[in-house]
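First the structure, in the form of structure tokens, and then the observations on it.
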Amino acid sequence: MVQYPKMREELLETLRSLSDREYQHKAWLESDYPPGIEYDSFDEAVHFLYDDTVLAENPDAAIGVIIENEKEARLMSAVCQAIDLVFDVLGTEASDEDYINSSGWISVVEAASKALQAMETKSQEAVKV
């Protein structure tokens, strides 16, 4: 259980976008959004992880708030570290196309996929109970 389940769902959506290269190309580069989405970009994910939450700075502080445990904190730390490595190479003002075509981007996608899979499995188990 988390204190803010709606923020957790937003986190899962952020991880979905970071883990899906096809979505990134369609939404972030072509502005072809799925129904119900008016706008999305890599910048939206960064703002959520780095500005709206403590996940990039101190994921342990988010335990019980929007993530459930230390495992999820470690997974979120890995996502943010992968993004930080891309920022170290390209800076924070590059285009979405530059980011997703960079050599380090695969690490972002893989870390987000791993976190999403673990967190969705946990969420689905909680619903079954």
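The sequence shown begins at 1 in the numbering used here and counts up one residue at a time.
C-beta atoms are modelled at their ideal positions from N, C-alpha and C, and glycine is treated no differently.
Note that the structure is predicted; figures quoted are calculated from it, not measured.
Secondary structure note for L49: it is in no alpha helix (DSSP H), with a DSSP letter that is neither H nor E. Between R21 and W105, the alpha-carbon positions lie close to 10 Å from each other.
In this structure I100 is buried. Its beta-carbon is surrounded by 16 or more other beta-carbon atoms within 10 angstroms. Residue burial is scored here from C-beta neighbours: E97 has fewer than 16 other C-beta atoms within 10 angstroms and is therefore classed as exposed.
The C-beta separation of L18 from V89 comes to about 17 Å, leaving the pair out of contact by the 8 Å criterion.
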